[in-house]
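The working numbering puts the first residue of the sequence shown at 4, with every later residue one more than the last.
Ideal placement from N, C-alpha and C gives every residue a C-beta, glycine not left out.
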Amino acid sequence: MIESRCGILCSECEYREQVGCRGCTAITKPFWSDSCPVKACCEARGLPNCGRCDEFPCELLVQFAFDENQGDDGRRIEQCKAWCGE
4 MIESRCGILC
14 SECEYREQVG
24 CRGCTAITKP
34 FWSDSCPVKA
44 CCEARGLPNC
54 GRCDEFPCEL
64 LVQFAFDENQ
74 GDDGRRIEQC
84 KAWCGE
């Protein structure tokens with residue numbers, strides 16, 4: 004089951020229950036910001052997640068995945084690959 008646009012496993016997120024988040028595939032606006040550029044990009048392209056994009060993994064996703072504060076050392080990129088059966 005796809006839980007997010009970027010590959011984050013929402014089921015493992017510590018904030019999910021705290022804020023009642025259903026995951027970015029099911030919400031209009033993320034709870035953590037006014038917008039999410041990864042979510043916006045996928046939705047503008049009509050994609051369920053980044054792994055379905057012809058530009059995967061793009062600079063935006065790589066930057067997000069390896070961000071010093073919010074990154075996960077690329078695990079979300081690997082998750083997108085798994086969702087796409089790669």
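Does the distance from the C-beta atom of residue 41 to that of residue 53 stay below 8 Å?
Residue numbering aside, residue 41 sits at position 38 when the sequence shown is read from its first letter. Residue numbering aside, residue 53 sits at position 50 when the sequence shown is read from its first letter. Their beta carbons are under 8 Å apart, which means residue 41 touches residue 53 by this criterion.
Count the other C-beta atoms from every protein chain shown that fall within 10 angstroms of the C-beta of residue 7, then say buried if there are 16 or more, exposed otherwise.
Counting from one through the sequence shown, the residue named residue 7 turns up at place 4. Around the beta carbon of residue 7, 16 or more other beta carbons sit within 10 angstroms, so the residue counts as buried.
Roughly how many whole angstroms lie between the Cα atoms of residue 19 and residue 13?
Locating residue 19 in the sequence shown gives position 16, where the first residue counts as 1. Locating residue 13 in the sequence shown gives position 10, where the first residue counts as 1. So the alpha carbons of these two residues sit roughly 7 Å apart.
In whole angstroms, give me the CA-to-CA distance for residue 69 and residue 79.
Looking up residue 69 in the sequence shown gives position 66. Looking up residue 79 in the sequence shown gives position 76. Cα to Cα, residue 69 sits roughly 10 Å from residue 79.
Is the Cβ of residue 15 closer than 8 Å to any Cβ of chain D?
No chain D appears in the structure shown, which is made up of a single protein chain.
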